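A.B. asks:
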Amino acid sequence: MCDASGTAIGTVQIENARTRVTEWRFKTRGDNTGWHRHDYDYVVVPLFDGALEIRLPDGEVITAPMQNGVPYFRELGVEHDVLSANDFECAFIEIEFLEAPSNGA
């Protein structure tokens, strides 16, 4: 997922021809993934109640509330840097769909 290095820790838990599952862990407020563009559709499952700060290429900064276990979906092409906006360690699971769905699915 990331082209640039950030301070968040990404640990790939599953990777095969169809799917990559990565845990992203932020130890402290301000830890970040690094700037990146998503090449695949993906789902994020937060493992905490809190917020992430999303920095966009145009300079806009969005505070995105997160709820433990409540997933969200994004399509490929999203470009951003994701930072922890929390005063505690937090993490989320990112599930990337590496293979396009078949026409019958």
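The numbering used here puts the last residue of the sequence shown at 100; the count rises by one with no breaks.
By construction, the Cβ of each residue, glycine as well, lies at the ideal position given by its N, Cα and C atoms.
The structure presented is a predicted model; accordingly, all values stated were derived computationally and were not measured.
Suppose you measure from the CA of residue 35 to the CA of residue 7; what does that come to, to the nearest Å?
C.D. replies: If you take the alpha carbons of residue 35 and residue 7, they lie about 15 Å apart.
A.B. asks: Based on DSSP bridge pairs, tell me the residues matched to residue 37.
C.D. replies: According to DSSP, which records beta bridges pairwise, residue 37 is partnered with 69 and 91.
A.B. asks: Check each candidate in 71, 43 and 92 and name the one with the smallest Cα separation from residue 79.
C.D. replies: Of the listed residues, the one whose Cα sits closest to residue 79 is 43.
A.B. asks: Among 94, 32 and 49, whose alpha-carbon lies nearest the alpha-carbon of residue 77?
C.D. replies: The candidate whose alpha carbon is nearest that of residue 77 is 49.
A.B. asks: Cβ atoms of residue 94 and residue 19: under 8 Å apart, would you say?
C.D. replies: Going by C-beta atoms, residue 19 is not nearer than 8 Å to residue 94.
A.B. asks: Quick one: what's got a C-beta closer than 8 Å to residue 0's C-beta in the same chain, skipping five residues either side?
C.D. replies: So the qualifying residues of the chain are 29.
A.B. asks: Roughly how many angstroms separate the alpha carbons of residue 26 and residue 5, rounded to a whole number?
C.D. replies: Residue 26 and residue 5: Cα-Cα distance of roughly 12 Å.
A.B. asks: What does a CB cutoff of less than 8 Å around residue 46 pick up in its chain, not counting 5 residues either side in sequence?
C.D. replies: 58, 59, 60, 61, 80 and 81, listed in sequence order.
A.B. asks: Could you name the residues of the same chain whose beta carbon sits closer than 7 Å to that of residue 71, not counting the 5 residues immediately before and after it, in chain order?
C.D. replies: These residues qualify, in order along the chain: 33, 34, 35 and 36.
A.B. asks: Between which two residues does the beta strand (DSSP E) holding residue 6 run?
C.D. replies: Run containing residue 6: 4 to 10, per the beta strand (DSSP E) assignment.
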